[in-house]
Amino acid sequence: MMELSQVQWVRHILLHPVEGFEDMRWKKAGSLNIAFFIVFMLFLGMVADGRLFGPQFFINYDKTFNIIPYILRSIVFFAAWVVGNWSVCTLLDGDGTMRNICIYSAYALVPYTAQLFIRTILSHLLVRDELVFMDIIRFTFIGWSALLLFFAVKSVHQYSPAKTILACAFTIGAMVIMLVLLMLFMSLVQQVYVFVYSLYTEISYRIRV
Numbered sequence: 001m002m003e004l005s006q007v008q009w010v011r012h013i014l015l016h017p018v019e020g021f022e023d024m025r026w027k028k029a030g031s032l033n034i035a036f037f038i039v040f041m042l043f044l045g046m047v048a049d050g051r052l053f054g055p056q057f058f059i060n061y062d063k064t065f066n067i068i069p070y071i072l073r074s075i076v077f078f079a080a081w082v083v084g085n086w087s088v089c090t091l092l093d094g095d096g097t098m099r100n101i102c103i104y105s106a107y108a109l110v111p112y113t114a115q116l117f118i119r120t121i122l123s124h125l126l127v128r129d130e131l132v133f134m135d136i137i138r139f140t141f142i143g144w145s146a147l148l149l150f151f152a153v154k155s156v157h158q159y160s161p162a163k164t165i166l167a168c169a170f171t172i173g174a175m176v177i178m179l180v181l182l183m184l185f186m187s188l189v190q191q192v193y194v195f196v197y198s199l200y201t202e203i204s205y206r207i208r209v
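For the sequence shown, the numbering used here begins at 1 and goes up steadily by one.
Structure representation (structure tokens):
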């Protein structure tokens, strides 16, 4: 196979997922910079989908913009997938490193990320009765990304199809555990902050009095 640039590798994987990830593995190709860029675009796509959608399809009654939910649904979820998959597949004798898992998984998210922007643009061009076309794009591109993610896990760890499905299921379970622990930790931090702030306010009031 001839040498490809980093951008051409992304296109090769999108069009030929079965051999694309295998080729990239043997060529030791893939760029962390491109992977991080894709995840950043995923974040922007989440924001566009949540805040810039056409009013004929979605009315956002929330007047205040909170960036935290979009970070959680994009960057944090992706990080949880990478860490969870690496942890699970280490126990299942997987060959993939955390770097390769990050790169392969990010490349697999290109169709999903693209549909966020495509649907946002179409929401300003189509009418309500044409919603079916946007749904077709959404489910087609989500299915495309799911297929890419399957072949990414299969290739990076050199698993059989059955073991790949098992690894993906265990990874989702690990993600749920990590996200629950993260929520509990954030809640604890918030309670500590409220306690410290209340204590500081009370001491300051006593001193002034």
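The C-beta atom is built at its ideal place from N, Cα and C for all residues, glycine as well.
Coarse secondary structure for residue i, derived from DSSP in three states
i	result
G54	coil
N66	coil
L181	helix
T120	helix
A162	helix
D95	coil
S74	helix
V18	helix
I198	This sequence places Ser at residue 198; Ile is not what is there. Three-state DSSP puts S198 in a helix.
S187	helix
K28	coil
L126	coil
S5	coil
L148	helix
L44	helix
L109	coil
Closer than 7 Å to chain C by CB, residue i
i	result
P17	The structure shown contains no chain C; it is built from a single protein chain.
Beta-carbon proximity list for residue i, same chain, < 8 Å, skipping 5 on both sides
i	result
V39	S74, I75, F78, A106 and L109
F43	Y70, I71, S74 and I75
V127	Q56
Chain-order list of residues whose beta-carbon lies under 7 Å from that of residue i (same chain, five-residue window excluded)
i	result
I118	I137
W81	S105, T171 and M175
Sequence-distant residues of its chain with Cβ nearer than 6 Å to residue i (five each side left out)
i	result
P17	L148 and F151
G173	none
Nearest-angstrom beta carbon gap, residue j and residue i [assumed within contact, 8 Å]
i	j	result
D49	T120	6 Å
W155	Y112	Looking at the sequence provided, one finds Ser at residue 155 rather than Trp. Rounded, the Cβ-Cβ distance is 19 Å, inconsistent with contact.
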